[in-house]
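Novice: Protein chains in written order, with my numbering: chain A, 75 to 480; chain B, 75 to 480.
Quick reminder that beta carbons are idealized off the backbone N, C-alpha and C, glycines included.
1. Taking 6 Å as the limit between beta carbons, can you name the residues of its chain near residue 207 of chain B, skipping five residues before and five after?
2. Kindly provide the ranges of any alpha helix (DSSP H) runs that are 4 or more residues long and lie completely inside the stretch 257 to 338 of chain A, ordered along the chain.
3. Looking only at DSSP bridge pairs, what is residue 357 of chain B linked to?
4. Might you give, ordered along the chain, the residues of its own chain that have their beta carbon closer than 6 Å to the beta carbon of residue 333 of chain A, omitting 5 neighbours on each side?
5. Short of 8 Å in beta carbon distance, which residues of its chain neighbour residue 192 of chain A, apart from the five on each side in sequence? Order them along the chain.
6. Output the boundary residues of the alpha helix (DSSP H) element that contains residue 129 of chain B.
7. Provide the residue(s) that pair with residue 79 of chain B in DSSP beta bridges, ordered along the chain.
8. Please tell me whether residue 363 of chain A has its Cβ less than 8 Å away from any Cβ of chain B.
9. In chain order, what residues of the same chain have a beta carbon less than 7 Å from the beta carbon of residue 85 of chain A, not counting five sequence neighbours either side?
10. Who are the Cβ neighbours of residue 437 of chain B in its own chain at under 8 Å, not counting the five residues just before and after it?
11. State yes or no: is the C-beta of residue 267 of chain A within less than 8 Å of the C-beta of residue 477 of chain A?
12. On the CB-based measure, 16 or more other CB atoms within 10 Å of its CB, does residue 133 of chain A come out buried or exposed?
13. Which residues of chain B have a Cβ atom closer than 8 Å to the Cβ of residue 307 of chain A, listed in chain order?
14. Using the beta-carbon of each residue, which ones in chain B are nearer than 7 Å to residue 242 of chain A?
15. Just tell me which of A/95, A/99, A/471 has its CA closest to the CA of residue 293 of chain A.
16. Leaving out the 5 sequence neighbours to the left and right, which residues in its chain are closer than 7 Å to residue 348 of chain A when beta-carbon positions are compared?
17. Please identify the residue among B/401, B/116, B/299 whose C-alpha is closest to the C-alpha of residue 181 of chain B.
18. Under 7 Å, CB to CB, which of the residues in the stretch 164 to 186 of chain A have a partner in chain B?
19. Could you confirm whether any beta carbon from chain B is found closer than 8 Å to the beta carbon of residue 382 of chain A?
20. Mind checking the stretch 367 to 378 of chain A against chain B and listing, in chain order, the residues whose C-beta falls within less than 8 Å of any C-beta there?
21. Spell out whether any CB of chain B is found under 8 Å from the CB atom of residue 289 of chain A.
22. Going by DSSP, name the residue or residues bridged to residue 248 of chain A.
23. CA-CA distance, residue 172 of chain B and residue 105 of chain B?
24. Please identify the residue among B/188, B/139, B/265 whose C-alpha is closest to the C-alpha of residue 170 of chain B.
25. Could you tell me whether any Cβ in chain A is nearer than 8 Å to the Cβ of residue 481 of chain B?
26. Locate the alpha helix (DSSP H) running through residue 396 of chain A, then write down its first and last residues.
27. Measuring alpha carbon to alpha carbon, tell me which residue in A/113, A/339, A/146, A/126 is nearest residue 225 of chain A.
28. Should residue 239 of chain A go down as buried or exposed, given a rule of 16 or more other Cβ atoms within 10 Å for buried?
29. Can you pull the DSSP bridge partners for residue 179 of chain B?
30. What does residue 425 of chain B touch in chain A if you count any residue whose Cβ is under 7 Å from its own?
31. So, do the stretch 198 to 207 of chain B and the stretch 315 to 324 of chain B have three or more beta carbon pairs nearer to each other than 8 Å?
32. Check whether chain A comes within 8 Å of residue 293 of chain B, counting only Cβ atoms and requiring the distance to be less than that.
33. Would you say residue 433 of chain A lies against chain B (beta-carbon separation less than 8 Å)?
34. Applying the 10 Å Cβ sphere with the 16-neighbour rule, what's the burial state of residue 273 of chain B?
35. Any Cβ of chain A within less than 8 Å of the Cβ of residue 158 of chain B?
36. Give the residues of chain B in contact with residue 117 of chain A, contact being defined as C-beta atoms less than 7 Å apart.
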């Protein structure tokens, strides 16, 4: 049984955190000793902290003792200086904590192409360190410290009660703009007190990322800084291994639950967003085809603006599926839109269900909800299914990004 | 020598046109007898007029005598009824012109998923037919009739003076939203008085489309109705054939000149746009890689909003190249932004040129121009080069599309 609990990363035994935010510039520190794994951006322009952290985890035996993350400056496209600064952040923290810097991961988010304000970060390390703790408040401050244009801090935790004992998974994340993660997300740090090897953690993290963070789109821009790290403190004593399929699957479900909630929080708090869009494509030849269709729909600026304006222009949804690359026959597709309590069928096996004022009025009402569910059945004889999350495209997205650096 | 001339399609000998616009609903008719070819949307949801026109040109020996195009209703996702209506439009026109309907192409643009207002179209055919002529005014009315959210009518014509005689190429187009053409563009009709076989026309049209209409992005949504048709009246007596490489290449250049100007007009008049963005990627491994990079940059909502707001946030340009799929090394990339008379170097072989207030101020000034030129050199040892066109993303794009059908 999996149950939602409070406390984010600090709900997990062995984790301490804290953070500080000074204007645009924030710093979070999380400490937790354990096996670890990471997934990273596939952008060819890779930020220095991603390069540094990836290399550490590939060469240190898959183990972390602390994570340091700053907001306000992405330390991306900063060349050798950037690599030096990223290492410097980790080194200063390691020195203070009296641990080996090779076990300190570093992450950044903010403007690209600016030298890191390393002195400010050093000062902030001094401010944050004495306050590290495992309280809910400490988790709250860490969540806030990594926000940029995010409006809402993002954290989620669960406790899994299994026959082998209880364990917890908790994570925090930040998102907002430049969001179409490819193998990671803007920044997310996930912790568990289960006992998991780093190689198994890597597998679990990759699988969970594929159906959570890799299924959200805010604007279709893939960041240079995407990174999701997981650390397993092992403090619960519950061992996760592939020989015990039951406990492995319970762990995977708990992990995906936390990451899916964080992913939805990122989509819902997309820059300027007023609504969460959840699109499920079914009846596809393959799961990959279903992903293509669902993501194309939540990525489409025309679908997103229509949802912002409650404009019942459902043809755009079908058109987006059409150019997604997913294979299907337009005479077999079905479309339904819902708000959680009401739903309206628009297309049934290629036939327009009804296009009268009453139907469009009903659709308009549904579109004014906070969460819009789009269900597309591609109508092949196969069962490929996938869900993707996005948000509407609003005046505020334009406003926020028209003067981000100024 | 190629020279710009006035008159759009009507500049071409053998072409007559006219159009009418009543509120949202417009109708254009163009008559011209000659060998013909077409390129169409690759969206899997294909509008009825695209299906009908494509089939005609594939079975009638590649010949057209007239084109009829309506705006306000896309006749897309309308099933068997839609096919019937598209044929009906062509049949009524053919009957009035006393020609074979198999030589009449049909095109539509507007809202998806609504039954065509065929009676209104029949009435409009009656209104337009008596006014068909080859004047500049007639071309103007045809251009206006196919507009939807376009603000500016789009037409361009050239005369090529060659040793084999002179010939002309003229075209009109409409664009605005749902624009990322894949093998065609929203709607474009191109005419030439050169004498060209339909199979050669098809080849020339495909090649020209690949480097013009297929290089523009307004919002990344590929329409269900994209179509570009070309008809060669042969009236100039100048024969274009592959045995005469010189004249073939002069024809191809003339054709690409017209289509490139139309493509730029579509990008510049993208929904809500205030600026044209021209991005050239060079130094790529292949031309395909250069296309990926250039199109990713003009498609990026973050680049587009920054350009709207004159925000000198150039890191977003590099990030977009990074996730484009083009292969390159971030330490070799160079970036320059210009406005036609001034330019500013931002990155040189992976090194930030200067990031001081003066440089960013210069960039900000350049970004306030009507046309922004972005030059990215991917820095490989190869010479793949491509140019793509797009526009900024503004409040008005959101406004226009938040209540398009209502």
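Specialist: Straight from the coordinates:
1. The beta carbon of residue 207 of chain B sits closer than 6 Å to the beta carbons of 90 from its chain, once the five residues preceding and following it are set aside; these are given in chain order.
2. Complete alpha helix (DSSP H) runs here, min 4: 272 to 284.
3. According to DSSP, which records beta bridges pairwise, residue 357 of chain B is partnered with nothing at all.
4. Only 282, 286 meet the Cβ criterion.
5. Excluding residues within five positions, the ones whose Cβ falls inside 8 Å are 159, 162, 163.
6. That run of the alpha helix (DSSP H) goes 122 to 133.
7. The partner list for residue 79 of chain B (beta bridge, DSSP) reads B/231.
8. Put simply, the CB of residue 363 of chain A is far from chain B, with every gap to its CB atoms at 8 Å or more.
9. Counting only Cβ-Cβ distances below 7 Å, and skipping sequence neighbours, we find 79, 231, 242, 244.
10. Around residue 437 of chain B: 386, 388, 411, 418, 420.
11. Remark: C-beta atoms of residue 267 of chain A and residue 477 of chain A do not approach each other more closely than 8 Å.
12. Classification of residue 133 of chain A: exposed, given that the 10 Å Cβ count is below 16.
13. What residue 307 of chain A touches in chain B, judged by beta-carbon distance under 8 Å, is nothing: the nearest beta carbon there is about 34 Å away.
14. Result: empty, since nearest Cβ-Cβ is about 34 Å, beyond 7 Å.
15. For residue 293 of chain A, the nearest C-alpha among the options comes from A/471.
16. The answer, listed in chain order, is 382, 466, 468.
17. The closest CA to that of residue 181 of chain B, considering only B/401, B/116, B/299, is found on B/299.
18. Here the close residues are 185, 186.
19. Chain B, which has a Cβ nearer than 8 Å to the Cβ of residue 382 of chain A, makes this yes.
20. Result list: 373, 374, 375, 376.
21. No, its Cβ sits nowhere closer than 8 Å to a Cβ of chain B.
22. Per DSSP, A/261.
23. So the alpha carbons of these two residues sit roughly 12 Å apart.
24. Relative to the Cα of residue 170 of chain B, the nearest Cα in the group B/188, B/139, B/265 belongs to B/139.
25. What is shown of chain B runs 75 to 480, which leaves residue 481 of chain B out entirely.
26. Residues 389 to 397.
27. Of the candidates A/113, A/339, A/146, A/126, the one whose C-alpha sits nearest the C-alpha of residue 225 of chain A is A/339.
28. Residue burial annotation: residue 239 of chain A is exposed, with fewer than 16 other C-beta atoms found within 10 angstroms of its C-beta.
29. Answer is B/141, bridged to residue 179 of chain B.
30. Here the neighbours are 153.
31. In short, these stretches do not touch, since the Cβ pair count stays below three.
32. Yes - at least one Cβ of chain A is within 8 Å of the one on residue 293 of chain B.
33. Judged by the 8 Å Cβ criterion, residue 433 of chain A is not in contact with chain B.
34. By the neighbour-count rule (16 or more Cβ atoms within 10 Å), residue 273 of chain B is not buried but exposed.
35. Cβ-Cβ to chain A under 8 Å: no for residue 158 of chain B.
36. What residue 117 of chain A touches in chain B, judged by beta-carbon distance under 7 Å, is 393, 396, 397, going in chain order.
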